[in-house]
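Per the working numbering, the very first residue in the sequence shown carries number 9; after that it's consecutive. Heads up: the structure comes next, in structure tokens.
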Amino acid sequence: MVKEEVTQRCTQAARQEKESLVASLRDVQEDLEIQQETTELVNLTLDTWQGRFDRVYELAAAAGVDAAVLKSIREGNSN
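Here it is, written out as structure tokens:
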């Protein structure tokens, strides 16, 4: 009888631990999905702004803005 009780307790404890781990895994998966969606939106935003900057760059170059100034801006130099 004691052996049977110990087995039941161990089984119950293992079941509870498994349920806890499954819940934690679900939470982590949800966090990962949110992070992936956020990363996709950031990439889309960066692509959009890069395209806009490229167009402004082309217009400025066509208007005769100094190429060194444009290069400096593109490289992030504030000089």
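Quick reminder that beta carbons are idealized off the backbone N, C-alpha and C, glycines included. Given the structure is predicted, the values throughout are model-derived calculations rather than measurements.
Item                                                                                          : Value
Mapping the DSSP letters down to three states, classify N85 as helix, strand or coil.         : coil
Between the alpha carbons of R23 and S32, how many angstroms are there, rounded?              : 14 Å
Start and end of the alpha helix (DSSP H) containing D62?                                     : V10 to A70
Does DSSP put V73 in a helix, in a strand, or in coil?                                        : coil
Just to confirm before moving on: does the CB-CB distance between A68 and L78 stay below 8 Å? : yes
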